[in-house]
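Visitor: Under my numbering, read the sequence shown as residues 654 to 1215, first letter to last. Even glycine gets a Cβ: it sits at the ideal position worked out from N, Cα and C. Treat the numbers as computed from the prediction; the structure is a model and nothing was measured.
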Amino acid sequence: MFKNNRKHLQTAFVSSVDSLPPKEQTLLAASWSHTFYEQVFVRIDEAPFAVLYSEEASRPNVPVNILLGLEWLSSHFGWSDEEAMEHFYFDLQVRYALGLRELGAEHFDIRTLYNFRRRLLDYFDETRCDLVTEAFEAITDQQADAFAIKTHRLRMDSTDVSSNIHNYSRLQLLVEVVGRVQRMLSETDQVRYREAFSPFIKGSSDQYVYRVRRDQGAEHIGRIGKLMQELLEALQASYGEQPEYAMLQRVFNEQYVAEPEGVRPKGKDELQSSSLLAPDDPEATFRRKRSKQYKGYVTNVTETCDDENPIQLVVGVQTEPNNVDDPTLMLEALPELKERTDCQELNTDGGYNNEATATLARALGIEHVQTGIRGHSSKGMGLEAFTFEMDGHEPVTITCPEGQQVVVTRPKRNYQACFSETICAGCPLHDRCRAKPRKRGALRSLHFSDHDLEIARRRQRIKTDRASGVNPRAAVESTIACLKRPWGPKLPVRGRFKVHMKMVGSAAMINLRRIHRWVTGPSGRQGRAEGSLQEGQGILLSLRRLGASLRLSALFSPCMAR
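#1: Leaving out five residues before and five after R1110 in sequence, what residues of the same chain have Cβ atoms less than 8 Å from its Cβ?
#2: Determine the DSSP secondary structure at Q1113, reduced to helix, strand or coil.
#3: What span of residues does the alpha helix (DSSP H) with V828 cover, start to end?
#4: From the DSSP output, in three-state form, read off A931 for me.
#5: Report the three-state DSSP secondary structure of Y706 (helix, strand or coil).
#6: Considering only the beta carbon of each residue, do D1002 and Q1023 sit closer than 8 Å?
#7: Is there a Cβ of chain B sitting closer than 8 Å to that of D934, yes or no?
#8: Check whether the Cβ atoms of T994 and V968 lie closer than 8 Å to each other.
#9: Just mark V1049 as buried or exposed, buried being the case when its beta carbon has 16 or more other beta carbons within 10 Å.
#10: Can you tell me the Cα-Cα spacing of E1130 and P1054, whole angstroms?
#11: Could you name the residues of the same chain whose beta carbon sits closer than 6 Å to that of D1105, not counting the 5 residues immediately before and after it, in chain order?
#12: So, T793 versus N1067, is the Cβ gap smaller than 8 Å?
#13: Should T952 and S811 be called a contact, given that it needs their Cβ atoms to be closer than 8 Å?
#14: Tell me I1051's beta-bridge partners as DSSP assigns them.
#15: Please report the distance separating the alpha-carbon of K1065 from that of I1108.
#16: Could you tell me which whole beta strand (DSSP E) segments of length 3 or greater appear in the stretch 680–766?
#17: Going by DSSP, what residue range makes up the alpha helix (DSSP H) through R847?
#18: In whole angstroms, give me the CA-to-CA distance for T780 and R772.
#19: Going by DSSP, what residue range makes up the alpha helix (DSSP H) through L1165?
#20: Given a cut-off of 8 Å, decide if P913 and G878 are closer than it, judged by their beta-carbon atoms.
#21: Classify A700 as buried or exposed, calling it buried when 16 or more other Cβ atoms lie within 10 Å of its own Cβ.
#22: May I ask you to report which of helix, strand or coil DSSP gives S891?
#23: Does DSSP put H596 in a helix, a strand or coil?
#24: Bridge partners for Q1023 per DSSP, in chain order?
#25: Using three-state DSSP, classify T786 as helix, strand or coil.
#26: Within its chain, find whatever has a CB closer than 6 Å to the CB of N657; leave out the 5 residues flanking it on each side and keep chain order.
#27: Could you compute how far the alpha carbon of M654 sits from the alpha carbon of T765?
#28: Going by alpha carbons, who is nearest to C1086 out of A750, N1124, M809 and M1034?
#29: Around the C-beta of R1097, are 16 or more other C-beta atoms found within 10 angstroms, so that it is buried, or is it exposed?
#30: Exposed or buried, I763, counting other C-beta atoms within 10 Å across all chains shown (16 or more means buried)?
#31: State the CB to CB distance for the pair F905 and Q889, rounded to an integer number of angstroms; the pair is presumed to be in contact (CB under 8 Å).
#32: Would you tell me roughly how many angstroms separate the C-alpha atoms of S816 and T679, rounded to the nearest one?
#33: Note down, in chain order, each residue of its chain lying with its Cβ closer than 6 Å to the Cβ of A703, except the 5 sequence neighbours on either side.
#34: Compute the beta-carbon to beta-carbon distance between A788 and I697, rounded to the nearest angstrom, for a pair I have assumed lies under 8 Å.
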């Protein structure tokens, strides 16, 4: 049964925190744990998580804000589940951050963490509603309001995130799948198909491939393909609904082609990046980037970048299989970002550019600023060499590099500009010019689309920014590094949802660290009343508790003396 956690709002008269010496209490009130409590913990809205629990009268749930807060702390410090529970039991700062002032309060078993994650995953699979991301975004929006963060300028970048999966070779993956299908069978069927499975279950898949010579690999792959085809036909009636059977069917379709002559293994160039990489993580995909191979996911991060902000906050986190490209991630993120923020400018690298993103950004009134343009640059003179006079998003006039200005028209879908052939004839750029002579009349025509115009103006902006040394996007690289720092190159979890939970938790803690540095620094102390009124109230409450503790000590001292 769901129950909101409001105990932390009214603490005990005397607690474990009050027993600390005054100096330690002051240090605790100025530590990260106090900032976490005020800027993250108290902002967690537990009500949306009620759908995870029974509506019938039963034992109340362990507080959601404690479970979610502990998850995010684990993401920041890189704790295992066992380490997280140990810190929860015995670390005063962790308990203080989670609204607990007494060491003996709110103990629960590690299984509670597992059940909480399972409920979140099951609810997401059923409804496609991500409660963790919604909580993160709601908290970030509140933090942005509290610290007057301007959100009209944003920057975005993506990074590859490796899943915690075994690095299977092609042959080893096939052997592993066959072995798991064998373990799925009933005892009767295991006896029936013993001869077919016997070569693949004498040891692990590692041991199987160890005994295979390099020149024999193709033969073994072909033999397994024939076995898989036979198993798919023989087991469909009894095991067609089992996940192992579905995995067998998927791998066969991805790795082989059924032809009239028999089963043919696909060539390397026929395999897709979405092919199964490991049985334990069916969502992970393959990607090659800058001569490096990645197996897992891609996380896209959006944060504020206005120069007037006291701090910059991460406002959006997305995680998808890593064969999803940057423009697709941007298309997915932009409508919600526009709704949550007053985004007017988005800074990215050149990988986010395509016609669809340009069209959507223009429709939402967002200027897409890039540090580069994906694709090859034109050998001749590009459209960016021309100067445009704009009326909103529409070009009114165009001026060539040599100063000839003409009116831009739009007779059909594309724009058209007609230059005088008489003037162009003596131009030193005549042979390189993008404008081409017309069949009739002494004119040279230049045709371009909305997308061409968008790219040209971006190239002009990039050239101007490079000359001035301004690059608002650059600092997002530091955010990306901080996001993955707790785990290194590989996360300790598998599956898109679990990976995304880790990345969201890490992003929440990046924001927390930035807020803590600001509110405890010189500028933060001057503006604390504006940015975090609650912090001052928390310190006052701590002082009151300290006074109460001292009065109790004075009251009981005579009794103890007797």
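Guide: In short, the structure shows the following:
#1: E1037 and F1041
#2: helix
#3: DSSP places V828 inside the alpha helix (DSSP H), whose first and last residues are R823 to M837.
#4: coil
#5: coil
#6: Against a cut-off of 8 Å, the Cβ pair of Q1023 and D1002 comes out as a contact.
#7: Going by chain labels, chain B is absent from the structure shown, which holds only one protein chain.
#8: Contact: yes.
#9: exposed
#10: 36 Å
#11: Answer for D1105: L1036, listed in chain order.
#12: no
#13: yes
#14: Answer by DSSP bridge pairing, in chain order: F1041 and V1059.
#15: Our two residues, K1065 and I1108, have alpha carbons roughly 20 Å apart in a direct line.
#16: none
#17: R847 to F850
#18: 12 Å
#19: Segment R1149 to T1173, the alpha helix (DSSP H) holding L1165.
#20: no
#21: exposed
#22: helix
#23: Summary: the structure shown does not reach residue 596, with the chain confined to residues 654 through 1215, and so no result is reported for it.
#24: DSSP output for Q1023 lists T1001 as bridge partner(s).
#25: helix
#26: The beta carbon of N657 lies closer than 6 Å to those of E699 in the same chain, with the five residues before and after it left out.
#27: 14 Å
#28: Out of A750, N1124, M809 and M1034, M1034 has the C-alpha closest to the C-alpha of C1086.
#29: buried
#30: exposed
#31: Taking a contact as a CB-CB distance under 8 Å, the pair F905 and Q889 does not count as one, their CB atoms being some 12 Å apart.
#32: 42 Å
#33: F655
#34: 6 Å
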